[in-house]
Amino acid sequence: MRNFKLEKNFIGNEAWPVIPSIFVKGIPGQADVSADNTAEENEKIIQSWKNVVVLKVASDKPVKFYLGFSNYAAVSYLKYEFETDMEFAMRIGPTDNRYLAIPKNLDDEIKLELVEITTEDDPKYKDIVLV
Numbered sequence: 600m601r602n603f604k605l606e607k608n609f610i611g612n613e614a615w616p617v618i619p620s621i622f623v624k625g626i627p628g629q630a631d632v633s634a635d636n637t638a639e640e641n642e643k644i645i646q647s648w649k650n651v652v653v654l655k656v657a658s659d660k661p662v663k664f665y666l667g668f669s670n671y672a673a674v675s676y677l678k679y680e681f682e683t684d685m686e687f688a689m690r691i692g693p694t695d696n697r698y699l700a701i702p703k704n705l706d707d708e709i710k711l712e713l714v715e716i717t718t719e720d721d722p723k724y725k726d727i728v729l730v
């Protein structure tokens, strides 16, 4: 086997840009989505999840990025461009998830921070985006 990493000197951060992520444990006892459901049925289940994770995305300069998540089966992202230095919330389902901030230009550096785990009706966050 050729050791491609060493052969091409793919060592260090320049060769391995970081996509920041935050791990959040699922909340047991909630309904879960299923591949057997329609998209509408799954969305109804997702909208029933009242717990959310509030996240902050920041960088040294304005950077366009996508929101995403990873569970045991797949990595998904929303095909909508956001710009850094914002807070947003994503729902917490019954399974563990990793929430992602994916820079449009993968070489741009951004930071992702967990602000708080709360509920969708928390008045502190009434003006942020809930995805």
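Numbered per this note's numbering, the sequence shown spans residues 600 to 730.
Cβ atoms here follow ideal geometry from the backbone N, Cα and C, with glycine treated the same way.
- Out of K703, I618 and K723, the CA that lies nearest to the CA of V662 is found in K703.
- It is roughly 10 Å from the alpha-carbon of V623 to the alpha-carbon of G692.
- Judged by DSSP in its simplified three-state form, L711 adopts strand.
- In the three-state DSSP reduction, F622 falls in the strand class (E or B).
- Rounded to whole angstroms, the separation of the alpha carbons of I709 and W615 is 14 Å.
- Within its own chain, the residues whose Cβ lies closer than 8 Å to the Cβ of L654, once the five positions on either side in sequence are excluded, are I621, E686, F687, A688, M689, Y698, A700, L711, E712, L713 and V714, listed in chain order.
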